[in-house]
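S.K.: Structure incoming, see below.
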Amino acid sequence: MPGEVRVRFAPSPTGLPHIGNIRTALFNWLFARHNGGKFIVRVEDTDQARLVPGSIEAMLDGLRWLNIDWDEGPEVGGDYGPYFQSERLDIYQEMADRLVSQGNAYHCYCSQKPPADDDQRQRDRRVSASADCQCRDLSQEEGSKLSAAQESKVIRFAMPKDGITRVNDLIRGEVEWRNETLNDFIIMKFDGFPTYHLAVVADDHLMEISHVMRAEEWLPSTPRHLQLFEALGFEPPKFAHLPMIMGPDRAKLSKRHGATAIGEYIVDGYLPEALLNFMVLLGWSLDDKTDVVSSQTVTDNFTLDRVTKSSAIFDQKKLLWMNGMYIRELTPDQLAAAMTPFLERDLPKDMLPVDEEYLRRIAPLLQERIKRLDESADITEYFFRANETFNTDDLVQKGMDRDSTLSALNAALDDLSGADDFQHEKLEEMLTATGEKLELSRRQFFGVLRVAATGRAVSPPLFEMMEVMGKDRTVSRVNNAVERFSAAG
RNA sequence: GCCCCGGUCGUCUAGCCUGGUCCAGGACGCCACCCUUUCAAGGUGGAGAUCAUGGGAUCGAAGCCCAUCCGGGGUACCA
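The first sequence runs 1 to 489 under my numbering.
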């Protein structure tokens, strides 16, 4: 099927899935979906030393959480597998051997150890690490003598010494390098594993990848890949280098910038839709005014000409706002369901399990007041708690004293225990009248009641809250406040 | 050092290709006011960008050309 869009996300299992990687996955996925193509996940596990168990599972979980689905790859298979590079070793070996026999690559007999730490020249980056290698110029006899003396699987690519390598990047336009500035990079390592460079080229060709979309940090290795494609006689895919995501200090986003693993956003109570929307805006825009945009609208409109060239700083504040927007768009039932796991995690065990029906009625009261789901327990706790332990001095409002506070409390208690209709409009009507009789401002009277009912100075609207709590709970709480306040006096 | 990419309000960005309608628009954040039983949410308004800098071609530039500066990335038997 020529012309079909096939893009891949190629994570390497070396740690927790990073926001930057996920963003790359997201753009690839959007591009595939926009063009009716295929989105493929391929695991680049060619570095045995850095392999971290569980990281691929975490990555896939992250994608699933964001609703990013893949057409080929781990768990789903596909016609171009295997999708783990560690299971494709013979393919790379064969290609490397072919390059050697064609004269496009050569065995290297230099140091079998990783570059020494004390190589001052390399550390200063004054010179490329491969500068000392003379193996390219070995004669036939010298070569066979060395290969007899020591087995070496290390193979370097023989970069053309002149000429220019160009790429027409879909985001950046023409970029070119003088080949003389490129070194003879390694394509096969001593352990028989390929390096990234060989493996990507081999697999992108074999898997018929049409577009390579990856972060800008890969741009410098593109000419190497292009030369490999050429030497192997493969048609290269199109390239698009995405802007990078930076921390507040403008350096590449990393652990020291705080939450960078996708798992942290799940645990902190962000909604997947919000995170996705926010990440889309890091490098792409629909127009000059749209911020909140559905993933359907994004896929409908996702084109590379609307991707920015410059890197973007990850602004946690805007993400938080975005999350609030999405929380407010939930139905009460959805909100309640989303809060449940957080309540189960954070509420004291004796308040569990939560009454789902009750929670569904509580949810609307918090919807405009919560920005992250991990606030759930703190913001709803008093709905579930039996006894309050707040400081009763907090009951006394500005301009009031202990006596007026106590009579306010008692008057309200009378009203509430006599009420047969706990509808919030009725409660407000009744207590407003009582407050007027007591010659208290709404602020004062309701302030006292708010603390009595919740133990806090800040809460959702008082009467709607009482309605949800119901008569028994409300009366009991106010009564409790009266008793504790009297006792404290 | 060398190679490459980038540079519009603090931040994300629109506009740049197809110069005039841009003394630069939106959003987050910040400030004020309105609403109001607290907190939010919402509404209104405000501060905030000599379009990195300097030249040039043009009647006219954020937009075109050149130079410079700054930022970032790469320079591994890591991806």
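Glycine included, each C-beta is placed from N, C-alpha and C at the ideal position.
Being a predicted model, the structure only gives us computed values, none of them experimental.
Considering only residues of the same chain and omitting the five flanking positions on each side of L219, which have a CB-CB separation below 6 Å?
M.R.: Same-chain partners within the cutoff: H241.
S.K.: Are the Cβ atoms of H205 and F234 separated by less than 7 Å?
M.R.: For H205 and F234, yes; Cβs fall inside 7 Å.
S.K.: Would DSSP call P364 helix, strand or coil?
M.R.: It is helical.
S.K.: What residue range does the beta strand (DSSP E) around W177 cover?
M.R.: It spans 173-178 - the beta strand (DSSP E) in which W177 sits, taken as one unbroken run.
S.K.: Considering only C-alpha positions, which residue in the set A363, W321, E381 is nearest to D350?
M.R.: When only C-alpha atoms are compared, the closest one is E381.
S.K.: By the DSSP assignment, the beta strand (DSSP E) with D414 in it spans what residues?
M.R.: From DSSP, D414 is part of no beta strand (DSSP E) but of the alpha helix (DSSP H) over 402-418.
S.K.: Under the rule that 16 or more other beta-carbon atoms within 10 Å means buried, what is V7, buried or exposed?
M.R.: With 16 or more other Cβ atoms within 10 Å, it is buried.
S.K.: Please report the distance separating the alpha-carbon of R121 from that of F193.
M.R.: Annotation note: pLDDT 49 at R121 (below 50); position unreliable, coordinate value reported separately. So the two alpha carbons sit approximately 27 Å from each other.
S.K.: Determine the contact status of F190 and K153, defining contact as a CB-CB distance below 7 Å.
M.R.: The answer is yes: Cβ separation under 7 Å.
S.K.: Below 8 Å on the Cβ atoms is my guess for G37 versus V5; work out the distance and round it to an integer in Å.
M.R.: So it is a contact: roughly 3 Å between Cβ atoms.
S.K.: Ends of the beta strand (DSSP E) at H241?
M.R.: First-last of the beta strand (DSSP E) with H241: 238-242.
S.K.: Is the beta carbon of L282 sitting closer than 7 Å to the one on A259?
M.R.: Going by C-beta atoms, L282 is not nearer than 7 Å to A259.
S.K.: A457 to S376, Cα distance in whole Å?
M.R.: Roughly 18 Å between the two C-alpha positions.
S.K.: Between I155 and A105, which are expected to be in contact by the criterion C-beta below 8 Å, what is the C-beta distance as a whole number of angstroms?
M.R.: That pair is a contact at about 5 Å.
S.K.: Looking only at its own chain, which residues have a Cβ that is under 7 Å from the Cβ of R360, when we skip the five neighbours before and after it?
M.R.: If we look at R360 and ignore the five residues flanking it on each side, its Cβ neighbours are P332, D333, A336.
S.K.: Contact between the region 293-304 and the region 395-406: three or more CB pairs below 8 Å?
M.R.: In short, these stretches do not touch, since the Cβ pair count stays below three.
S.K.: Short of 8 Å in beta carbon distance, which residues of its chain neighbour V267, apart from the five on each side in sequence? Order them along the chain.
M.R.: Counting only Cβ-Cβ distances below 8 Å, and skipping sequence neighbours, we find D374.
S.K.: In terms of residue numbering, what span does the beta strand (DSSP E) encompassing Y83 cover?
M.R.: Here Y83 belongs to no beta strand (DSSP E), and DSSP marks it neither H nor E.
S.K.: Check the DSSP bridge columns for H205 and list the partner residues they point to.
M.R.: Beta-bridge pairing links H205 to no other residue.
S.K.: How would you label G62, buried or exposed, when you count the other beta carbons within 10 angstroms and need 16 or more for buried?
M.R.: When all chains shown are included, G62 counts as buried.
S.K.: Go ahead and label A10 buried or exposed: buried means 16 or more other beta carbons lie within 10 angstroms of its beta carbon, across all protein chains shown.
M.R.: Looking at its Cβ environment, which holds 16 or more other Cβ atoms inside 10 Å, A10 is buried.
S.K.: Three or more beta-carbon pairs under 8 Å between the region 88-106 and the region 53-60, yes or no?
M.R.: Not touching, per the Cβ criterion.
S.K.: Among the residues of its own chain, which have a CB less than 6 Å from the CB of E388, if the five just before and after it don't count?
M.R.: Only G455 meet the Cβ criterion.
S.K.: Report the three-state DSSP secondary structure of D191 (helix, strand or coil).
M.R.: Coil, per DSSP.
S.K.: With distance defined between alpha-carbon atoms, name the residue in N323, S486, A419, E142 nearest to D472.
M.R.: Of N323, S486, A419, E142, the residue nearest in Cα terms is A419.
S.K.: Specify, as a first and last residue, the run of the alpha helix (DSSP H) that N21 falls within.
M.R.: Its alpha helix (DSSP H) spans residues 19-34.
S.K.: Between which residues of its own chain and H257 is the CB-CB distance below 6 Å, once the five residues before and five after are set aside?
M.R.: The answer, listed in chain order, is G247.
S.K.: Based on Cα-Cα distance, which residue from A488, W284, L99 lies nearest to I171?
M.R.: Selected option, being the one with the closest Cα: W284.
S.K.: Tell me which same chain residues have a C-beta within less than 7 Å of the C-beta of R50, skipping the five on either side of it?
M.R.: Taken in chain order, the residues that qualify are T14.
S.K.: Just verifying my parser: in three-state terms, what is the DSSP assignment at D117?
M.R.: Caution is warranted here: a pLDDT of 46 is assigned to D117, below 50, making its placement in the model unreliable, and no coordinate value can be reported.
S.K.: Could you give the residue range of the beta strand (DSSP E) that holds I155?
M.R.: It spans 155-157 - the beta strand (DSSP E) in which I155 sits, taken as one unbroken run.
S.K.: Given D415, which residues of its chain have a CB within under 7 Å of its CB, disregarding the five upstream and five downstream residues?
M.R.: Closer than 7 Å at the Cβ level, and outside the excluded window around D415, lie M430, L431, T434.
S.K.: Comparing alpha-carbon positions, which option in L449, N183, L304 lies nearest N35?
M.R.: The candidate whose alpha carbon is nearest that of N35 is L304.
S.K.: Would you mind sorting K371 into buried or exposed? The rule is 16 or more other CB atoms within 10 Å of its CB.
M.R.: So K371 counts as buried.
S.K.: Sorted by chain position, which residues of the same chain lie with C-beta nearer than 7 Å to D119's C-beta, five sequence neighbours on each side aside?
M.R.: Legend: pLDDT at D119 = 49, less than 50; position of this residue unreliable, value from coordinates given subsequently. So no residue of the chain qualifies.
S.K.: Does the distance from the C-beta atom of P160 to that of N183 stay below 7 Å?
M.R.: Cβ atoms of P160 and N183: not closer than 7 Å.
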